[in-house]
Amino acid sequence: MTAGRPEYVDVVAVRDDRSAPAGQTTVVRLLGLLPAHWPCRPEVRADRIRLRIALDAATDPHTVSRAVSRALADSGLRGWSRDRD
């Protein structure tokens, strides 16, 4: 890691639609749409998922953010969105 570069990125998704599947199901789908080589520690609640994705020298935080946004656009994850707070 270079000085000032984070060691991980936290990405939070929230359930916007009560009819969408709960976090315990959604996290499996979400992780399946992300690169398998990214070390990730999920924290899951019914209405909130936090992914702590570890960065290495070759992984840019913006790449992670874009990949998660693309994954959440998948129709299987309808009713979930990024928490931008």
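The sequence shown lines up with residues 5 to 89 when you count with the working numbering.
Don't be surprised by glycine CBs; every beta carbon is placed ideally from N, CA and C.
TODO: Please confirm whether Ala-40 and Trp-84 have their CB atoms less than 8 Å apart.
DONE: no
Open item on the list: Just to confirm my understanding: we take Leu-55, look at its own chain, exclude 5 residues before and 5 after, and list those with CB closer than 6 Å. What are they?
Closed with: Val-15, Cys-44 and Pro-46
Task: Rounded C-alpha distance that separates Arg-52 from Gln-28 - done: 9 Å
- [ ] Using 10 angstroms around the beta-carbon of Ile-32, count the other beta-carbons present and answer buried if the total reaches 16, otherwise exposed.
- [x] Looking at the sequence itself, residue 32 is Val, so the reference to Ile does not match. Label assigned to Val-32: exposed.
Open item on the list: Which residues does DSSP list as the beta-bridge partners of Ser-85?
Closed with: Val-18
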